[in-house]
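Everything below concerns the one structure shown next.
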Amino acid sequence: MPSDAPQREADFRTIGEMCALFQVTPRSLRFYESKELLAPLRVGQKRLYSRSDQARLKLILQGKRFGFSLEAMRQLLDLYALGDNQVTQLERSLEVGRERLHDMQAQYTELGQAIRDLQSQIDLVAQMLADRKSDQDPQS
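Structure, rendered in structure tokens:
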């Protein structure tokens, strides 16, 4: 999270800049802040997002895309502060990433089967409808 190194004004982005850069809404940023995933600097009514906040948001959005819960993302992000050169964070990220990939592959397999089953059902109903229509045809 916060670093001891001084940050220049150019290192910070406003909420509008963050929204444009990451294609999120101000409401989303405030939500992530309320969940303590982001901690922007407050200057009066203005929120200023550091490079660390920007990196965290990038990881949050990537985690969201992969289906991770916000709590799982918080746990991973909080490991950054351990000061072990991110070794623990990277190890845990690898572990949960592999678990999520396994889950997604299982869902993919199940979805493929459901698609095939639905296609068979559609084909069956279409054939039944065609048969019934031909039975009603007076020219037959």
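For the sequence shown, this note's numbering begins at 24 and goes up steadily by one.
Every residue gets a Cβ at the ideal spot worked out from N, C-alpha and C, and that includes glycine.
Report task. Provide the residue(s) that pair with TYR72 in DSSP beta bridges, ordered along the chain. Result -> ARG36
Report task. For the beta strand (DSSP E) holding VAL66, just list the boundary residues, first then last. Result -> 64-66
Requested in this report: Return helix, strand or coil for SER116, following the three-state DSSP convention.
Outcome: helix
**Report entry** Nonlocal neighbours in the same chain, by C-beta distance under 8 Å from ALA149, ignoring five residues either side
**Finding:** Around ALA149: no qualifying Cβ.
Report task. For PRO161, name the three-state secondary structure that DSSP assigns. Result -> Residue state, collapsed to three classes: coil.
Query raised in the report: Would PRO161 be called buried (16 or more neighbouring beta carbons within 10 Å of its own) or exposed?
Result: exposed
Query raised in the report: If we ignore side chains and look at the alpha-carbon of each, how far apart do ASP158 and GLN144 end up?
Result: 21 Å
Requested in this report: Please name the residue, chosen from LEU152, TYR131 and GLY39, that lies closest to LYS69 on a Cα-to-Cα basis.
Outcome: GLY39
Query raised in the report: Near GLN112, which residues of its chain fall below 6 Å by C-beta distance, leaving aside the five closest residues on each side in sequence?
Result: So the qualifying residues of the chain are LEU102 and TYR103.
Query raised in the report: If LEU64 and SER73 are in contact, beta carbons under 8 Å, what's the gap, nearest whole angstrom?
Result: 7 Å
Query - Endpoints, alpha helix (DSSP H) assigned at ASP101 - result: 93-101
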